[in-house]
Amino acid sequence: MTTTDTADRATAVVAAQAADLTKVYGRGETRVVALEGVTIDFHEAEFTAIMGPSGSGKSTLMHCVAGLDTFSSGSVRIGGTELASLKDKDLTRLRRDRIGFVFQAFNLLPTLTALENITLPLDMAGRRPDRGWLDTVIGMVGLSERLGHRPAQLSGGQQQRVAVARALASRPQIVFADEPTGNLDSRSGAEILGFLRDSVRAHRQTVVMVTHDPVAAAYADRVVFLADGRIVDELRAPSAEAVLDRMKAFDAKGRVS
Ligand SMILES: Nc1ncnc2c1ncn2[C@@H]1O[C@H](COP(=O)(O)OP(=O)(O)OP(=O)(O)O)[C@@H](O)[C@H]1O
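Under this note's numbering, the first residue of the sequence shown is numbered 315, with each subsequent residue one higher.
Shown next, in the form of structure tokens:
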């Protein structure tokens with residue numbers, strides 16, 4: 315890490331943050347501490363991958379920070395807004411207006427065309443799309459020729475491109491991607507990861523992605539590792555090999571303890 319890196323991060327705008335975040339499911343015998351005192355900043359124009367073994371709390375962290383799930387204690391902010399202080403209606407509005415989502419299963423509406431799917435969140439918000447930005451996003455994901463197609467008429471990779479365009483269309487403060495390449499072949503997956511990275515590099519989008527795949531994680535600017543509900547490590551400018559090595563080291567530790 316260089317001094318410039320450190321200085322850049324010190325002045326970077328925080329798009330979202332969790333502080334001392336704890337999430338407990340159930341009670342008594344079924345009590346599970348899914349997150350235990352997680353503190354993390356997601357800086358503007360940074361691409362973060364979250365990794366960790368199954369059950370380590372990746373989805374829970376993402377869902378809590380994205381306002382999709384409640385948390386037990388601590389705080390979560392999107393920009394300057396503390397999520398715990400919001401009523402349900404305001405939380406729904408914040409998610410719709412300030413957060414973009416990309417899911418493993420695409421989650422497109424089958425009866426709508428690609429273009430209608432892309433603009434749906436804006437339509438629901440009663441916002442008129444910024445035509446120039448919409449064209450930029452559609453061009454970026456290479457969908458110009460497919461805008462009138464319905465999801466069933468598109469390949470998996472093309473459907474996920476629609477989902478990426480939908481997530482970016484409102485220029486959200488932050489995009490959360492949950493295993494976005496999990497249902498794709500490696501070539502389509504690489505394209506989707508490339509689009510997410512381009513949105514960060516060229517358009518200062520903030521992206522947080524949960525993944526099991528070291529190759530996918532290597533597209534990110536940093537990888538955060540979770541184990542048993544805690545952040546245990548972080549890697550900057552990761553290579554797939556370095557991520558894999560780190561994961562192997564955790565596995566080895568897990569077997570010993
Ligand atoms: N709704 C729930 N009720 C009870 N326990 C839950 C619930 N959701 C998750 N958990 C538990 O919380 C812990 C963290 O789960 P989480 O899904 O966040 O892990 P993960 O790292 O995303 O796992 P995976 O990689 O398998 O998706 C696990 O022990 C899980 O069993």
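Every residue gets a Cβ at the ideal spot worked out from N, C-alpha and C, and that includes glycine.
Neighbourhood of residue i by C-beta distance below 6 Å, restricted to the same chain and skipping five residues each side
i    : result
A332 : V352, I354, V379 and V390
V521 : F361, V489, L510 and V514
H463 : A428
L461 : A428 and L429
S571 : Here S571 scores only 45 on pLDDT, less than 50, and its place in the model should not be relied on; the value that follows carries that caveat. Here the set comprises nothing.
Beta-carbon contacts of residue i that lie in its chain and below 8 Å, excluding the five residues immediately before and after
i    : result
W447 : A483 and R485
F420 : P465, G470, Q473, Q474, V476, A477 and N497
V346 : V338, Y339 and G340
Per DSSP, cross-strand counterpart(s) of residue i
i    : result
F415 : F490
T395 : I392
M438 : Per DSSP, none; premise fails for M438.
M365 : F539
T387 : Looking at the sequence provided, one finds Ser at residue 387 rather than Thr. S387 pairs with T336.
M561 : BP columns for M561 are empty, so no partner.
L349 : K337
Contacts around residue i, its chain only, beta-carbon distance under 7 Å, and the 5 residues preceding and following it disregarded
i    : result
R560 : F539, D547 and L549
L408 : G381, I392, T395 and L400
A326 : H357 and E358
R501 : none
M454 : F509 and D512
L558 : P528
Whole-number beta carbon distance between residue j and residue i, since they are thought to touch under 8 Å
i    : j    : result
L510 : A532 : The Cβ separation is near 12 Å, so there is no contact.
A428 : L468 : 7 Å
S386 : K337 : 5 Å
D535 : E360 : 5 Å
L405 : G543 : With a Cβ gap of about 23 Å, L405 and G543 do not count as contacting.
T363 : A551 : Sequence inspection shows Ala at residue 363; the Thr mentioned does not correspond to that position. Contact doesn't hold; Cβ gap of about 12 Å is too wide.
V524 : S373 : 6 Å
D433 : P443 : Just to set this straight, residue 433 is Thr in the shown sequence, not Asp. Their Cβ separation, rounded to whole angstroms, is 5 Å, which keeps T433 and P443 in contact under 8 Å.
Unbroken beta strand (DSSP E) run spanning residue i, endpoints
i    : result
R544 : R544 to R550
R518 : Looking at the DSSP string, R518 is not in any beta strand (DSSP E), and its letter there is neither H nor E.
I334 : Note that residue 334 is Asp in the sequence shown here, rather than Ile. Unbroken beta strand (DSSP E) run through D334: V328 to Y339.
Nearest residue (CA-CA) to residue i, options the options
i    : options                   : result
D334 : E459, D402, I545 and V557 : I545
E358 : D527, V557, K337 and I392 : I392
R410 : D437, T425, G456 and V455 : D437
F268 : D542, A530 and R518       : With the chain represented from 315 up to 571, any question about residue 268 goes unanswered, as that position is not in the structure.
S553 : P528, G543 and A541       : P528
Q418 : P435, D499, F564 and Q487 : D499
T457 : R480, R442 and P435       : Checking the displayed sequence, the identity of residue 457 turns out to be Leu instead of Thr. Out of R480, R442 and P435, R480 has the C-alpha closest to the C-alpha of L457.
A329 : Q487, K403, E493 and A541 : Q487
G366 : A541, T495, E493 and R442 : A541
R412 : L426, A439, I452 and T425 : A439
H377 : G414, V537 and A563       : G414
L507 : V416, G342, L397 and L375 : V416
Residue i, enclosing alpha helix (DSSP H) - first and last residue
i    : result
G453 : R445 to M454
V476 : G470 to A483
A359 : Run containing A359: none; DSSP gives neither H nor E here.
S426 : Just to set this straight, residue 426 is Leu in the shown sequence, not Ser. Careful: L426 lies outside any alpha helix (DSSP H) and carries neither H nor E.
A530 : P528 to A531
T374 : K372 to V379
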